[in-house]
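2 protein chains.
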Amino acid sequence: MNSPYPSALLENAVNEFSRLPGIGRKTALRLVLYLLRQDEEKVCHFAETLLKMRKEITYCSLCHNISDSDTCSICADRSRDGSVICVVENVQEVMAIEKTMQFRGSYHVLGGIISPIDGIGPSDLEISSLEERVKAGGIREVILALSATMEGDTTNFYIYRKLQAYPVKVSIIARGVSVGDEIEYADEVTLGRSILNRTPFDESYKLVTK
Amino acid sequence: MNSPYPSALLENAVNEFSRLPGIGRKTALRLVLYLLRQDEEKVCHFAETLLKMRKEITYCSLCHNISDSDTCSICADRSRDGSVICVVENVQEVMAIEKTMQFRGSYHVLGGIISPIDGIGPSDLEISSLEERVKAGGIREVILALSATMEGDTTNFYIYRKLQAYPVKVSIIARGVSVGDEIEYADEVTLGRSILNRTPFDESYKLVTK
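So the protein sequences, as listed, match chains H and Y.
Going by the working numbering, the letters in the first sequence line up with residues 1 to 210, in that order.
Going by the working numbering, the letters in the second sequence line up with residues 1 to 210, in that order.
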């Protein structure tokens with residue numbers, strides 16, 4: 001008694017949904033009532049798809065990205081340059097960089113970044129497997145493409161120090177004024193960085209606008 | 001090829017989530033990646049709870065609210081006044097009114113409101129079953145508690161006309177200035193309505209503030 005929900009089945013489903021990140025109890029109720037209005041078959045398909053995903057998804061043994069097979073489609077692609085590794089946090093960043101169509105090398109998915117507050121240390125991430133890849137040879141360059149935050153920088157330095165033992169170039173993606181931004185409104189740290197890291201400008205410079 | 005997702009299993013799960021109302025593809029991916037990080041057991045429980053809810057949930061045969069049994073806990077509660085029926089759109093409104101603790105009668109859940117734009121007519125709603133309840137006798141009052149919108153008013157008038165054939169009082173919940181609102185900022189339609197529908201003020205008036 002005294003539960004605001006008229007049905008325990010409904011309440012359980014709302015509880016499950018509201019455990020998902022960013023989903024509050026009101027949104028959870030709205031989602032559950034939506035599913036309740038759908039055909040049983042559709043809800044069944046929804047549940048089965050989630051289960052199948054959780055049970056069958058694997059990770060690429062090389063770059064640790066989510067994959068349907070032991071080697072992901074990017075690592076398996078012979079037309080890509082396996083000697084350049086772009087280090088990212090998660091699958092979302094791989095998708096974002098792939099969307100730019102400016103990178104034809106391979107990736108290394110760390111599975112997060114070093115964050116003492118969240119209890120995530122280097123050993124929780126795929127850093128030693130990155131070192132192994134570099135150690136095995138054939139790697140020319142490692143590009144650090146982590147978040148431009150304190151945690152990202154901590155992770156950048158950690159990886160940089162680990163890789164200093166090997167003959168590999170370590171670079172970091174450019175930090176500067178976003179394309180489309182007006183200089184007046186850029187924050188001072190970003191603007192300062194964009195001046196320090198200025199690049200040569202000549203006829204070959206690619207003018208890109210949003 | 002050319003799917004931005006590194007895995008078909010992942011993409012299917014994202015597709016399923018993004019079909020839910022208010023969930024875009026980015027949010028869907030975030031939810032799916034969250035589930036992927038959970039124990040298989042937890043994801044299993046999530047899926048099973050949804051399925052069980054969809055398969056086993058029933059509706060109260062009297063008020064048509066969501067229920068775990070043939071008669072919902074409100075209709076079955078002998079301490080409540082079954083001769084007063086509060087007409088609402090959905091289960092959310094029942095929960096909202098129950099939360100006020102100002103109503104001890106019964107409900108009638110229409111399952112929506114008349115909305116020609118969405119193709120919802122009177123026959124799609126539980127209006128004839130409301131008429132049956134009133135026809136069967138023993139009902140003193142029907143309180144209309146639908147949205148204060150064009151669709152809500154259309155439904156209010158439709159129900160009002162249907163019930164005119166019976167000796168039942170039809171009332172509508174008060175529309176006026178929200179508790180806590182400053183008069184200056186109330187919209188003019190609401191303010192005008194609150195003047196027209198003014199109520200007597202004396203010692204018995206309940207002063208409520210948020």
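The C-beta atom is built at its ideal place from N, Cα and C for all residues, glycine as well.
Less than 7 Å between the beta carbons of residue i and residue j, yes or no?
i, j, result
"V142/Y", "Y166/Y", "no"
"S194/Y", "V177/Y", "yes"
"P6/H", "C72/Y", "yes"
"P116/Y", "M95/H", "no"
"R17/Y", "A28/Y", "It should be pointed out that residue 17/Y corresponds to Phe in this sequence rather than to Arg. Result yes, Cβ atoms of F17/Y and A28/Y sit closer than 7 Å."
"G111/H", "E126/H", "yes"
"A8/Y", "D68/H", "yes"
"D70/H", "S61/H", "yes"
"L132/H", "K162/H", "It should be pointed out that residue 132/H corresponds to Glu in this sequence rather than to Leu. Taking 7 Å as the Cβ cut-off, E132/H and K162/H do not qualify as a contacting pair."
"S106/H", "G82/H", "yes"
"V91/H", "I66/H", "yes"
"L20/Y", "L33/H", "no"
"V170/H", "I139/H", "no"
Exposed or buried, which one is residue i when buried takes at least 16 other CB atoms within 10 Å?
i, result
"F157/H", "exposed"
"R54/H", "buried"
"T155/H", "buried"
"I23/H", "buried"
"Y205/Y", "exposed"
"M1/H", "Caution applies to M1/H, whose pLDDT of 46 falls short of 50 and renders its modelled position unreliable; the model cannot decide the point."
"K210/H", "Interpretation of K210/H is limited by its pLDDT of 47, a score under 50 that renders its predicted location unreliable; the figure taken from the coordinates is listed afterwards. Its Cβ having fewer than 16 others within 10 Å, K210/H is exposed."
"E89/Y", "buried"
"E93/H", "buried"
If I'm right that residue i touches residue j with Cβ under 8 Å, what's the distance once you round it to whole angstroms?
i, j, result
"H64/H", "S129/H", "7 Å"
"L144/Y", "I173/Y", "7 Å"
"L50/Y", "L35/H", "6 Å"
"I97/H", "E151/H", "Contact doesn't hold; Cβ gap of about 19 Å is too wide."
Strictly under 7 Å for the Cβ-Cβ distance: is residue i near chain B by that measure?
i, result
"D70/H", "Among the protein chains in the structure shown, which are H and Y, there is no chain B."
Quick test of the definition: if touching needs 3 or more C-beta pairs under 8 Å, does the segment 183-193 of chain H touch the segment 7-23 of chain H?
no
Near-chain H residues of the segment 166-184 of chain Y - C-beta to any C-beta below 9 Å
none
The segment 52-68 of chain Y: positions lying closer than 9 Å to chain H by Cβ:
K52, M53, R54, K55, E56, I57, T58, C60, N65, I66, S67, D68
Taking a Cβ distance cut-off of 7 Å, strictly less, list which residues of the segment 95-114 of chain H are near chain Y, in chain order.
M95, E98, K99
Taking any Cβ of chain H, which residues in the segment 38-52 of chain Y have a Cβ under 8 Å from it, in chain order?
Q38, E40, V43, C44, H45, F46, A47, E48, T49, L50, L51, K52
Taking only beta carbons into account, state which residues of the segment 18-33 of chain Y come closer than 9 Å to chain H, listed in chain order.
R19, L20, P21, G22, I23, K26, T27, L29, R30, L31, V32, L33
Positions along the segment 2-14 of chain H whose CB lies within less than 8 Å of some CB in chain Y
P4, Y5, P6, S7, A8, L9, L10, N12, A13
According to a CB-to-CB cut-off of less than 8 Å, which residues of the segment 73-90 of chain Y neighbour chain H?
S73, I74, N90
If contact means a Cβ-Cβ distance below 8 Å, which residues of the segment 122-152 of chain H contact chain Y?
none
Return the residues of the segment 182-203 of chain H that lie within a Cβ-Cβ distance of less than 9 Å from chain Y, sorted by chain order.
none
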